[in-house]
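In our numbering, the protein residues as written are 1 to 266.
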């Protein structure tokens, strides 16, 4: 899973002076660039489900909240739009991309193509044993040692899949997969929050690792394909009500810069 590197504090410049710490959020870290800082905070709000699909925000509200000009805010929002997380409309208004089942179906189809190809390559290469050993230490564990916290398990799941794709040795494919992972992260986390997938994920990950270690490409591809299809089926069960329930489950609240909530039905 890609993560934003821990940034250094803003230098004492005119740009830095223009920023005020949001109330009650001492844990926030700042990068050396205002657009990067605003981008990182908005992106994390999306992934933590403080911002939900359909929420509307404006450049003016965000600029006022972070006490910056609209220029770095616009740059951050445009970058989120390139990530497939935000879409702009008129007069400085932006919306968290609503759930589009066709789009997610396309993304899961691409995910399946990449990951089944990756495990076949790993079987042919007999796998990087140090990489596989690290994954086995996390996933081939007794039930009482499994991570039961939904968001933490979701992060471990992302690392598992990204590690396998990177170990296959195709950097362009790995970079594409990282971008794809960003786009499906919200619904993928809901799969873990709502629950039935956690123990089956451990079992399926262990089976995939066993197949790679044995060099059984056909079995590895079959299990990986079924694993991804199961996750995709769960995505198709997501409704806006479940998104709001997920926010309540995570004890998160909408950020102060969200003034309009759009309620959609799917």
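Backbone N, C-alpha and C fix where the C-beta goes; we use that ideal spot for every residue, glycine too. Here the structure is a predicted model, which means the values were calculated and not measured.
- Message: Going by beta-carbon coordinates alone, are residue 352 and residue 88 separated by less than 7 Å?
- Response: This structure does not reach residue 352, given that the chain is present from 1 up to 266, and the question cannot be answered.
- Query: Which residues mark the beginning and the end of the alpha helix (DSSP H) in which residue 221 is found?
  - Reply: Along the chain shown, one-based indexing puts residue 221 at 221. It spans 217–235 - the alpha helix (DSSP H) in which residue 221 sits, taken as one unbroken run.
- From which residue to which residue does the beta strand (DSSP E) around residue 96 run? If you number the chain shown from 1, residue 96 lands on position 96. Segment 93–96, the beta strand (DSSP E) holding residue 96.
- Item | Contact belief for residue 139 with residue 209 at Cβ below 8 Å, rounded distance in angstroms | For the purposes of this step, residue 139 is taken as residue 139 along the chain shown, with counting starting at 1. For the purposes of this step, residue 209 is taken as residue 209 along the chain shown, with counting starting at 1. Indeed, because the Cβ distance is near 7 Å, the residues count as touching under 8 Å.
- Item | Alpha-carbon spacing of residue 105 relative to residue 232, whole angstroms | As a first step, residue 105 is located in the chain shown; it is residue number 105 there, counting from the start. As a first step, residue 232 is located in the chain shown; it is residue number 232 there, counting from the start. The alpha-carbon atoms of residue 105 and residue 232 are separated by roughly 7 Å.
- Check the C-beta distance from residue 255 over to residue 51 and give it rounded, since I have them as a contact under 8 Å. Here the question's residue 255 lines up with position 255 in the chain shown. Here the question's residue 51 lines up with position 51 in the chain shown. That belief holds up - the Cβ atoms of residue 255 and residue 51 are roughly 7 Å apart, short of 8 Å.
- Task: Would you check if the distance between the CB atom of residue 116 and the CB atom of residue 230 is smaller than 7 Å?
- Result: As a working note, residue 116 is residue 116 in the chain shown. As a working note, residue 230 is residue 230 in the chain shown. Result no, Cβ atoms of residue 116 and residue 230 do not sit closer than 7 Å.
- Length of the line joining the Cα atoms of residue 37 and residue 159: Here residue 37 refers to the residue found at position 37 of the chain shown. Here residue 159 refers to the residue found at position 159 of the chain shown. About 24 Å.
- Query: So what does residue 58 bridge to, in DSSP terms?
  - Reply: The residue you call residue 58 lines up with position 58 of the chain shown. DSSP output for residue 58 lists 93 as bridge partner(s).
- Query: If you run the structure through DSSP and keep just helix, strand and coil, what is residue 88?
  - Reply: Counted from its first residue, the chain shown places residue 88 at position 88. Correct three-state label for residue 88: strand.
- Message: At the level of alpha carbons, what is the spacing between residue 237 and residue 83?
- Response: In the chain shown, residue 237 corresponds to position 237, counting from 1. In the chain shown, residue 83 corresponds to position 83, counting from 1. So the two alpha carbons sit approximately 24 Å from each other.
- Message: Please classify residue 28 as buried or exposed, where buried requires at least 16 neighbouring CB atoms within 10 angstroms.
- Response: Here residue 28 refers to the residue found at position 28 when the chain shown is read from its first residue. For residue 28, the predicted model reports a pLDDT of 40, less than 50, meaning its position is unreliable; a value from the coordinates is still stated below. By the 10 Å Cβ count, residue 28 comes out exposed.
- chain B within 7 Å of residue 141, Cβ atoms only: The chain inventory of the structure shown lacks chain B, comprising one protein chain alone.
- Message: Let me make sure I understand the geometry here. Which of 45, 90, 33 and 54 has the alpha-carbon closest to that of residue 60?
- Response: Against the chain shown, residue 60 aligns to sequence position 60. Comparing Cα-Cα distances from residue 60 to each of 45, 90, 33 and 54, the minimum goes to 90.
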